[in-house]
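Using this note's numbering, you'd call the opening residue of the sequence shown number 1 and step up by one each time. To keep things clear, I will list the structure first and then write my remarks on it.
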Amino acid sequence: MSSDGGRARRLAVHRDFGYSSSSQASIHHLRSYLHFDLCEGEMSQEMGGIFRTKQGYKWLRVLDLEGTYKRLLPKALGKLVHLRYLGLRRTWLNSLPLSFGDLFNLQTLDLKWTSIKFLPSSISRMENLRHLHFKWGECSTDLLHQPNYISFNNLQTLWGVLVPQGTSVANLDQCINLRKLGMEGDLMSHGKELTGWLSRLNRLESLNLCSTSGGAHASCEASLGRKNIGGISFLSTKSYHIDLGFPKLEVLELCWLRIQILDICEGSMPNLEELEINKCEDLRELPSGLQFLNHLKELRLPAMSDHLKERVLPNTGADWYKIAHIPFLRPPL
């Protein structure tokens, strides 16, 4: 616990280390409350006190309940009107109370490793929301076009969002200020809708694309033709080309893409520092143009095919010249 002038400002509770409820009178001015890793069904007196006391810990700005097993949050959550960060990671919550929308100062919502699939419509009042973190594959893009939802043009992080098959992703057009984007699902069959949107994300710094389209890859890639996706042009059903891409992008992760050839033009991603190519099993060779990524510090190639392993052998592999300048290679070659 840290304090200022005898008044506690920050309180952390972790498993076997509790805090005496007799001191609650001195902690109504809390700004941060961190509560980690309690056993299933357990809820400390201090945690319950946040919602039960008359003062309601109304000055709380950070509430992190990571690992605290709890299926429901109380309706009184909405009383924490000064809350800016709400961390619910690994709580396995199923839903959020309607009063969640009263947190109009909330900027960050972390729902990783929860069972939450939908957000309450009261989110329409949360105009300051900047960062949304979902459990991969749980919350779909549908949540962005529910009735009465606000515009999400202030969002800077949209991570783990699911792109379902057979649904429109046109609603993503409103998210134009993203700096960090992670999405998975039926990406390839939404090519026409994704192309224009991604090309406008000029502030993007981190991008993770994971396709789970299955057998739909070929027909979808063919339909893209030479459409630009933020500088990524699909040239055929099995190859694509990166040109004039993302000037601020620092991290790029590509997963489960059914491509054989990837070309990177010089200057397309001048600030890229980390690149991961994972489960792209049809890739015949490492992307041409890797040698132009002068700021690349780390290249991750998990689950490489035997063919690729031969091509990246130090000094002798056909693709070694493309990656010889990169300080860290994963796995080590």
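Glycine included, each C-beta is placed from N, C-alpha and C at the ideal position. Note that the coordinates shown come from a computational prediction; the quantities given were computed from them, not determined experimentally.
Do you know offhand how far residue 277's Cα is from residue 133's?
22 Å
Measuring straight from C-alpha to C-alpha, what distance separates residue 126 and residue 102?
8 Å
So with Cβ pairs under 9 Å, would you call residue 271 a contact of chain B?
Any reference to chain B falls outside this structure, which holds one protein chain only.
Taking its Cβ as the centre, do 16 or more other Cβ atoms sit within 10 Å of residue 266, making it buried, or is it exposed?
exposed
Can you name the start and end residues of the beta strand (DSSP E) that residue 264 belongs to?
261-264
Along the beta strand (DSSP E) that carries residue 159, what are the first and last residues, could you check?
157-163 is the extent of the beta strand (DSSP E) around residue 159.
Straight-line gap, residue 120 to residue 99 (C-alpha atoms, nearest Å)
9 Å
Drop a sphere of 10 angstroms on the beta-carbon of residue 205, count the other beta-carbons inside from all chains shown, and report buried for 16 or more, exposed for fewer.
buried
If you drop the 5 nearest sequence neighbours on each side, which residues of the same chain put their C-beta closer than 6 Å to that of residue 257?
211 and 280
Runs of alpha helix (DSSP H) lying entirely within the region 177-205, each at least 4 residues, in chain order
191-199
In three-state DSSP terms, what is residue 171?
In the structure shown, residue 171 falls within a helical segment according to DSSP collapsed to helix, strand and coil.
State yes or no: is the C-beta of residue 296 within less than 9 Å of the C-beta of residue 283?
In this structure, residue 283 does not lie closer than 9 Å to residue 296 by Cβ.
On the criterion of 16 or more Cβ atoms from any shown chain inside 10 Å, does residue 299 qualify as buried, or is it exposed?
It counts as buried.
Counting only runs of 3+ residues fully inside the region 263-328, write out the beta strand (DSSP E) ranges in chain order.
The region 263-328 contains these whole beta strand (DSSP E) runs: 274-278 and 298-300.
So what does DSSP say about residue 87, is it helix, strand or coil?
strand
Tell me whether residue 180 counts as near the ligand ATP, meaning its Cβ is closer than 8 Å to at least one heavy atom of that ligand.
This structure simply doesn't include the ligand ATP, nor any ligand for that matter.
Select from 327, 312 and 301 the residue whose C-alpha is nearest the C-alpha of residue 321.
Selected option, being the one with the closest Cα: 312.
DSSP puts residue 62 in a beta bridge; with which residues?
32 and 85
With distances taken from CA atoms, which of 285, 247 and 158 is nearest residue 108?
158
Quick one: residues in its chain with C-beta nearer than 8 Å to the C-beta of residue 273, no 5 flanking neighbours on either side, listed in chain order?
250, 251, 295, 296, 297 and 298
Can you have a look at residue 87 and say buried or exposed, based on whether 16 or more other CB atoms are within 10 angstroms of its CB?
buried
Assign residue 134 to one of three DSSP states: helix, strand, or coil.
strand
Considering just the uninterrupted stretch of the beta strand (DSSP E) at residue 255, what are its terminal residues?
For residue 255, the uninterrupted beta strand (DSSP E) segment begins and ends at 251-255.
Please classify residue 226: is it buried, with 16 or more other beta-carbons within 10 angstroms of its beta-carbon, or exposed?
Summary for residue 226: the model assigns pLDDT 31, below 50, so the residue's position carries little reliability; its value from the coordinates is reported in the next sentence. When all chains shown are included, residue 226 counts as exposed.
Quick check on residue 258: does DSSP put it in helix, strand or coil?
Three-state DSSP puts residue 258 in coil, outside helix and strand.
Classification of residue 128 by the beta-carbon crowding that lies within 10 angstroms, buried from 16 upward:
Of the other Cβ atoms in all chains shown, fewer than 16 fall within 10 Å of the Cβ of residue 128; this residue is therefore exposed.
According to the Cβ coordinates, are residue 112 and residue 90 closer than 9 Å?
With a cutoff of 9 Å on beta-carbon distance, residue 112 and residue 90 are scored as near each other.
With DSSP collapsed to three states, give me the class of residue 11.
strand
Would you list the one or two residues that DSSP bridges to residue 208?
182 and 253
DSSP-derived helix/strand/coil call for residue 113:
coil
Should residue 75 go down as buried or exposed, given a rule of 16 or more other Cβ atoms within 10 Å for buried?
exposed
Nonlocal neighbours in the same chain, by C-beta distance under 7 Å from residue 173, ignoring five residues either side:
197
If we ignore side chains and look at the alpha-carbon of each, how far apart do residue 268 and residue 292 end up?
9 Å
Take residue 153 and list the residues in its own chain whose beta-carbon comes closer than 8 Å to its own, dropping the five residues that flank it on each side.
174, 175, 176 and 177
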